[in-house]
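Visitor:
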Amino acid sequence: MLVLSRRSNESIVIGGEITVTVLEIRGDQVRLGIDAPRSVTVHREEVHAEIQRANQSAAEVRSADLGRLPRAPARD
Amino acid sequence: MLIESERLGAVEVDETKILTFPEGLLGFPADQRFALVDAGDDGTYFWLQSIDDAHLAFLAAVPWAFFPDYEPELSQADQDDLAITDPSQALVFCLLTFTEEAVTANLLGPLVVNAATRIGRQIVLDDSNYSARVPLAGG
Numbered sequence: 000m001l002v003l004s005r006r007s008n009e010s011i012v013i014g015g016e017i018t019v020t021v022l023e024i025r026g027d028q029v030r031l032g033i034d035a036p037r038s039v040t041v042h043r044e045e046v047h048a049e050i051q052r053a054n055q056s057a058a059e060v061r062s063a064d065l066g067r068l069p070r071a072p073a074r075d
Numbered sequence: 000m001l002i003e004s005e006r007l008g009a010v011e012v013d014e015t016k017i018l019t020f021p022e023g024l025l026g027f028p029a030d031q032r033f034a035l036v037d038a039g040d041d042g043t044y045f046w047l048q049s050i051d052d053a054h055l056a057f058l059a060a061v062p063w064a065f066f067p068d069y070e071p072e073l074s075q076a077d078q079d080d081l082a083i084t085d086p087s088q089a090l091v092f093c094l095l096t097f098t099e100e101a102v103t104a105n106l107l108g109p110l111v112v113n114a115a116t117r118i119g120r121q122i123v124l125d126d127s128n129y130s131a132r133v134p135l136a137g138g
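So the sequence lines, in the order shown, correspond to chains S and D.
The opening residue of the first sequence carries number 0 in numbering that gives the first Met the number 0; numbering runs sequentially from there.
The opening residue of the second sequence carries number 0 in numbering that gives the first Met the number 0; numbering runs sequentially from there.
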């Protein structure tokens, strides 16, 4: 992994079109600003990983699980 | 068309009911086409069977049947890419996970599909407080 030191308000440029700027450093928290083309999705790593794990468990569904589905509550 | 499914056997699929996820689902980038197959008779549950992999299938639920207040918010980029300008144009499904204790729905990463084009994406709701494992309550 490439490691760079940056101060507040300094940036790094990735691939010529993605800019990550350190906006604020407070204690153990860093606020980052990300400028990227719309086609590049940017997500918090832990959210991405959590959905990926949930997908993996969802893929373990068996046919017999159908019998465990609750009936949707009746709507008025 | 007839497709093979490990869980459902051979299934005749209406080609207009094939959903395409150009980016795949998170963790499953290679599987982009899924057949939407009714699971149950009340329009709440569906199988999403991969067209290209007989072993890959998910059970999904329409979230509002259980979570009437659920409000996934699409980013402008998601709206543009899916060509969705109004909620009525979207189909929304949440994948289900079965554990010994519960059946849970992934409200953090819903599948949003343009009902007309049948093209969809798994949306990452970064700034929401939704969980990827919310138990379904039966009624």
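By construction, the Cβ of each residue, glycine as well, lies at the ideal position given by its N, Cα and C atoms.
1) List the residues of chain D that Arg67(S) touches, going by C-beta distances under 8 Å, in chain order.
2) Do Gln121(D) and Leu58(D) have their C-beta atoms closer together than 8 Å?
3) Could you spell out the range, first to last residue, of the beta strand (DSSP E) harbouring Asn113(D)?
4) Counting contacts by CB-CB distance shorter than 8 Å, is Tyr44(D) in contact with chain S?
5) Please state the DSSP three-state secondary structure of Pro139(D).
6) Quick check for students: name the residue ranges of the beta strand (DSSP E) that lie wholly in the region 21-85 of chain D, counting only runs of 3 or more.
7) Going along chain S, which residues have a C-beta under 7 Å from Ala82(D)?
8) Along the chain, where does the beta strand (DSSP E) containing Ile13(S) start, and where does it finish?
9) Report the three-state DSSP secondary structure of Ser4(S) (helix, strand or coil).
Guide: Taking the definition as stated:
1) To locate residue 67(S), count along the first sequence from 1; it is residue 68. Here the neighbours are Phe97, Val102.
2) For the purposes of this step, residue 121(D) is taken as the residue at position 122 of the second sequence. For the purposes of this step, residue 58(D) is taken as the residue at position 59 of the second sequence. No. Outside cutoff.
3) Taking the second sequence and counting its residues from 1, one reaches residue 113(D) at position 114. Taken as a continuous stretch (DSSP letters only), the beta strand (DSSP E) holding Asn113(D) covers 110-113.
4) Taking the second sequence and counting its residues from 1, the one referred to as residue 44(D) is at position 45. Closer than 8 Å: yes.
5) In the structure displayed, chain D extends from 0 to 138; residue 139(D) sits before or after that span and is not available.
6) 32-37, 44-49, 56-60
7) Reading the second sequence from its first residue, position 83 is the one you call residue 82(D). Going along chain S, no residue has its Cβ under 7 Å from Ala82(D), so there is no contact; the nearest lies around 14 Å.
8) Walking along the first sequence from the start, residue 13(S) turns up at place 14. Its beta strand (DSSP E) spans residues 10-13.
9) Position 5 of the first sequence, counting from 1, holds the residue named residue 4(S). Correct three-state label for Ser4(S): coil.
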